[in-house]
Amino acid sequence: MNHRFPFLIIFLLLANFSHSTESEEVFLTKSKADSISFFQNSPIPSKKRVHLLNYSIVGLYGISMTWLYTQWYKDYPQTTFHFFNDNSEWEQMDKYAHTWDAYNIAKPLVNCYKWTGMSREKSVLYGVGVAFLFQTSVEVFDGFSSQWGFSGGDMLANTLGLSLYTFQELKWQDQRLSLKFSFRQTKYSKYRPDLLGKNLPENILKDYNGLTHWLTINPKSFLKSSKIPSWLSFAFGFGAEGMTGGKENSFIFDGRKIPAFDRYKQYYFSIDVELHRIHTRSKFLTSLFRVVNIIHLPAPAIEISKGNKPRFHPLYF
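Each residue of the sequence shown is one higher than the last, beginning at 8 in this note's numbering.
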């Protein structure tokens, strides 16, 4: 997730312009478009809303890219554009992060375009296109930095996340499979605070040891007639631990010896609560549920790692 995470927070807040359901939109098409609330989806394409959204995105793009450059790239040496193969770093956890980023940035952007009254197909085209622009711009920044480089693996992961969202939105008009994350602080950051973060906010952005990415599958959306609650999903998690360096662990930092940790991958099976599928009349709760739904909430989980027997966690986050 790293330096893309602030983009996601902004997009999630922006996406909560829209609160109307499909059934509300059908009803609204029979009334005057100018009588609806600003916070409801327009029943017909609205040029004013399209212009407002596009101008906002252009402004956000300029501001966010300027911020990103000054905060992440300015202090690193620049070089000519080049490619960089980082597919073996961080036990591939950064690739899961790229897929998660792309998926969860596209979702609120598409909702924003639906808010303007555009058709689902056009909303997906523009929303996913803007998400691709943001993601690719970051990769181009990497390409000119001597510290990193343009990563084909990152672009493939970005494309996978966008494709997962696009397919479901056009095929099912529903996200039956969702990408989420959870995080817990670990002991590893104290050995490499420069790389893994010095405090909780930095840990969330930098420490892949505490990060778990989740693929959730909602059975009710596939089995409409079942008695399974619509808010209950199965969750498959992916994580890794023991990392104090990208490709290999560091053993000395700031003159101090670092313990020799074993690097290993983790796989989880759990359940998940799909907050956005919980119906409520409160617009505040609806908005809150949509934002928080990117997080896998604490739940019982089974962990498989290092060839050991499955380990049960009564509550895993």
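Using N, Cα and C, we set each Cβ at its ideal position, and we do this for glycine too.
**C-alpha gap between Y274 and G150, whole angstroms** = Cα to Cα, Y274 sits roughly 32 Å from G150.
**Message:** Here's a check: name, in chain order, each residue in its chain whose Cβ is nearer than 8 Å to the Cβ of S152, leaving out the five neighbours to either side.
**Reply:** Cβ within range, chain order: Y80, Y83, P84, Q85 and T86.
**Item:** Residue interval of the alpha helix (DSSP H) (run including A104)
**Value:** Judged by DSSP secondary structure, A104 falls within the alpha helix (DSSP H) whose first and last residues are M100 to W122.
**Asked** Mind checking whether P52 and G136 have CB atoms under 7 Å apart?
**Response** Result no, Cβ atoms of P52 and G136 do not sit closer than 7 Å.
**Endpoints, the alpha helix (DSSP H) within which Y323 is located** = According to the DSSP assignment, Y323 belongs to no alpha helix (DSSP H) but to the beta strand (DSSP E) extending over R318 to Y323.
**D93 - DSSP class collapsed to helix/strand/coil** = In the structure shown, D93 sits in coil (DSSP, three-state: anything other than H, G, I, E or B).
**Asked** In the DSSP assignment, what are the bridge partners of I354?
**Response** Outside the displayed span of the chain (8 to 324) sits residue 354, for which this structure offers no information.
**Request:** Please confirm whether L169 and A104 have their CB atoms less than 7 Å apart.
**Result:** Taking 7 Å as the Cβ cut-off, L169 and A104 do not qualify as a contacting pair.
**Prompt:** If you measure from the beta carbon of Y83 to each beta carbon in chain C, is any gap under 7 Å?
**Reply:** The structure shown contains no chain C; it is built from a single protein chain.
**Asked** Within 10 angstroms of its Cβ, does H286 collect 16 or more other Cβ (buried), or is it exposed?
**Response** Taking every protein chain shown into account, the CB of H286 has fewer than 16 other CB atoms within 10 angstroms, so this residue is exposed.
**Message:** If I measure Cβ to Cβ from S233 and keep anything under 8 Å in the same chain, skipping five residues before and after, which residues do I get?
**Reply:** In the same chain as S233, and ignoring 5 residues on each side of it, the C-beta atoms closer than 8 Å to its own belong to P226 and K227, in chain order.
**Request:** Alpha carbon to alpha carbon, how far is F324 from A306? Give it in angstroms, no decimals.
**Result:** Going by the C-alpha atoms only, they are around 7 Å apart.
**Asked** What residue does the beta strand (DSSP E) around T223 start on, and which one ends it?
**Response** Segment L218 to I224, the beta strand (DSSP E) holding T223.
**Asked** From F276 to W74, what does the alpha carbon distance come to, in whole angstroms?
**Response** Pairing F276 with W74, the inter-Cα distance amounts to about 38 Å.
**Item:** CA-to-CA distance, E98 to W238, given in whole angstroms
**Value:** Between W238 and E98, the C-alpha separation is close to 32 Å.
**Prompt:** Looking at C-alpha atoms only, which residue of L140, N300 and Y271 is the closest neighbour of G314?
**Reply:** Comparing Cα-Cα distances from G314 to each of L140, N300 and Y271, the minimum goes to Y271.
**Prompt:** Just how far apart, CA to CA, sit S185 and W122?
**Reply:** Taking the straight line joining both Cα atoms gives about 22 Å.
**Item:** Outcome for T77 when other beta-carbon atoms lying within 10 angstroms are tallied against a minimum of 16
**Value:** Flag for T77 reads exposed.
**Item:** Stretch pair the segment 130 to 148 + the segment 254 to 273: three plus CB contacts closer than 8 Å
**Value:** With a cut-off of 8 Å on Cβ pairs, the segment 130 to 148 is not in contact with the segment 254 to 273, counting fewer than three such pairs.
**Message:** Just to confirm my understanding: we take A308, look at its own chain, exclude 5 residues before and 5 after, and list those with CB closer than 6 Å. What are they?
**Reply:** Excluding residues within five positions, the ones whose Cβ falls inside 6 Å are Y275, S277, H320 and Y323.
**Request:** Starting from K81, trace the alpha helix (DSSP H) both ways and give me its first and last residue.
**Result:** That residue, K81, is in no alpha helix (DSSP H); it is neither H nor E in DSSP.
**Classification of E281 by the beta-carbon crowding that lies within 10 angstroms, buried from 16 upward** = Burial call: buried.
**Request:** Return the CA-CA distance between T193 and K231, expressed in angstroms with no decimal places.
**Result:** CA-to-CA, the gap between T193 and K231 works out to about 41 Å.
**Request:** Measure how close the beta-carbons of S196 and D214 come, nearest whole angstrom, since I'm counting them as under 8 Å.
**Result:** Cβ atoms of S196 and D214 come within 8 Å of each other, at about 5 Å.
**Request:** Using the DSSP secondary-structure output, state which residues sit across from F245 in a beta bridge.
**Result:** Note: F245 sits in a beta bridge opposite H220 and Y274.
**Prompt:** So, is F296 buried or exposed, given that buried needs 16 or more other C-beta atoms within 10 angstroms?
**Reply:** Under a 10 Å Cβ-count criterion, F296 is classified as buried, with 16 or more other Cβ atoms of the shown protein chains found around its own Cβ.
**Asked** Mapping DSSP to helix, strand and coil, what is Q142?
**Response** Three-state result, Q142: helix.
**Prompt:** Does DSSP classify F151 as helix, strand or coil?
**Reply:** Coil.
**Request:** Taking only the alpha-carbon atoms, compute the straight-line gap between S30 and P115 and give it to the nearest angstrom.
**Result:** Low local confidence applies: a pLDDT of 39 at S30 is under 50, so the model's placement there is unreliable, with the coordinate-based value given in what follows. Between the alpha carbons of S30 and P115 lies a distance of about 20 Å.
**Prompt:** Going straight from the alpha carbon of P50 to that of S42, what length do you get?
**Reply:** Near 11 Å, if we compare the C-alpha coordinates of S42 and P50.
**Message:** Which residue marks the beginning of the alpha helix (DSSP H) containing I64, and which one marks its end?
**Reply:** Annotation: the continuous alpha helix (DSSP H) that includes I64 extends over K54 to L75.
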